[in-house]
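Notes follow the structure.
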Amino acid sequence: QPDHPDPQGTTLALLAAALEKFVNYTHKTSLRPCTYAVFLDFASLFQKDGAGERTGREALLFGRALAGLSELYSHPRTFILKITSLPEGYPIGFIFPKNVTANVAEYDDRGWCFCEAAMANLVKSSNKVVDLGKFSGSPVVVKTSSGTEHRADLVGLLEECKAGRGPPLSPAAFTELLETKSFTSKKADLDTVAGLYAAAFERQMSEAVQLFYRGLGWGNAEVGVLAQALRVAQALELLNLDGNAIGDAGAAALASALHEGTAPALKTIKLKGNPVASSPLSLEALTRAREGLEVEAGARSEGARGPMAEAAPHPAPRSPVSGQGGLACCLRCVRKSPQMQRLD
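Residues in the sequence shown are numbered from 796 upward in steps of one, following the working numbering.
Structure, rendered in structure tokens:
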């Protein structure tokens, strides 16, 4: 059909190659591959017709689904597959409806895509946000406990396509950036998108018990943004920032936030592999910012708690509902989590 978003099947072929890695992967502790639920916005939701309209029933169902978008994209246990590159040659050879022009904006410059990516950046661990624009299909060198090895399975895919991620944004910071993004209908969508993000931020950041932001290349600026977002992290006990590029200024930003009462339940911060790990004064300032706080920065830990106790896990996974998105695929392994087997 002329308004199909993937008329030549380019995106579908890329997505299929990636999903094949998921369904064929067998973990060493599992006897069989996992079963996944996959959400695609265009295929899962009623789209407008060629005249730009939906029927009354379609609009009702679309609205109900839209309300669940933030849960799908921000849930800590879903993978987000971002297709950040346009098909080769686009828009040449593509057919568009009458009075519709090709959108050639980059992924990060599109309002809906920016929203979905920002929600995915909130509380997911480092390997749960995947940029398929980096996917080559070739074996990838992966570090292991015994050295390195070439992997062409899911492990290799996740290593090659680890997305460059920014820190969680406060709703105010998100809305400010959203104003600069492109929309097909900015006037109609801006408030909706801002509201969806705010709902995801408040829920996920306030309920997170553990946050793993390892190896994302974050420096002092990113940690300053993170410190602002953590002001609503009332349940947070473990903050893992290992393997980043955080220096003295970043540690100072965290210390200042903790001193002001941010993340009142926080027990442990991990900073191994960061420049600040070799700065005793900055580490000491962090431990002084919160009584009983343990800062792990090397072979031993700083702080009053002694050996690190096992951190509390996330709350039990909630059953997300369907929502509306952009150039992203959301998938979840449902075999081990009955709560996630039904997508309403």
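Don't be surprised by glycine CBs; every beta carbon is placed ideally from N, CA and C.
Measure the C-alpha to C-alpha separation of residue i and residue j and round it to an integer number of angstroms.
i: G1019; j: D844; result: 44 Å
i: V1071; j: A862; result: 42 Å
i: P1108; j: A1003; result: With a pLDDT of 38 at P1108, under the threshold of 50, the modelled position of that residue is not reliable, and no figure is offered here.
i: L1033; j: V1090; result: 10 Å
i: L1066; j: A1050; result: 13 Å
i: G1151; j: A812; result: No statement about residue 1151 is possible, as the shown extent of the chain runs from 796 to 1139 and does not include it.
i: E911; j: L809; result: 19 Å
i: Q1029; j: V818; result: 36 Å
i: D986; j: S1074; result: 44 Å
i: T1001; j: R1026; result: Here residue 1001 turns out to be Ser, not Thr, going by the sequence shown. Taking the straight line from one Cα to the other gives about 9 Å.
i: T1057; j: Y1008; result: 18 Å
i: Q999; j: K981; result: 26 Å
i: N898; j: L1078; result: 48 Å
For a quick check, are the C-beta atoms of residue i and residue j less than 9 Å apart?
i: A993; j: F978; result: no
i: L927; j: L876; result: yes
i: N1069; j: A1040; result: yes
i: P802; j: I890; result: yes
i: P800; j: F837; result: yes
i: F996; j: M914; result: yes
i: L840; j: A854; result: no
i: N922; j: K976; result: no
Residue i lies in the beta strand (DSSP E); which residues open and close that run?
i: Y868; result: Run containing Y868: none in the beta strand (DSSP E); it sits in the alpha helix (DSSP H), L864 to S869.
i: Q1141; result: Shown here, the chain extends from 796 to 1139; a query on residue 1141 therefore has no answer.
i: Y992; result: It is not in any beta strand (DSSP E) - Y992 instead sits in the alpha helix (DSSP H) that spans K981 to E1002.
i: L835; result: Y831 to L835
i: N1015; result: That residue, N1015, is in no beta strand (DSSP E); its alpha helix (DSSP H) goes N1015 to A1024.
i: G942; result: G942 to R946
i: F874; result: F874 to K877
i: T1057; result: No beta strand (DSSP E) holds T1057; DSSP gives it neither H nor E.
Grab the span of the alpha helix (DSSP H) containing residue i for me, first residue to last.
i: T861; result: Checking the sequence shown, residue 861 turns out to be Leu, not Thr. L861 -> alpha helix (DSSP H) spans G851 to L861.
i: L807; result: T805 to N819
i: G951; result: L949 to E955
i: D1043; result: D1043 to H1054
i: T970; result: P966 to L973
Checklist entry - In the region 1063-1088, which residue ranges form an unbroken alpha helix (DSSP H) of at least 4 residues, counting only runs that do not cross its ends? => result The region 1063-1088 contains these whole alpha helix (DSSP H) runs: 1075-1084.
Checklist entry - Any chance the region 1011-1030 sits against the region 960-967, with 3 or more Cβ pairs inside 8 Å? => result yes
Checklist entry - Is the region 1024-1040 in contact with the region 1054-1065, if contact means three or more CB pairs nearer than 8 Å? => result yes
Item to check | Uninterrupted alpha helix (DSSP H) stretches inside the region 890-931 (no shorter than 4 residues) | outcome: Taking only runs of at least 4 residues, the alpha helix (DSSP H) segments lying wholly in the region 890-931 are 906-915.
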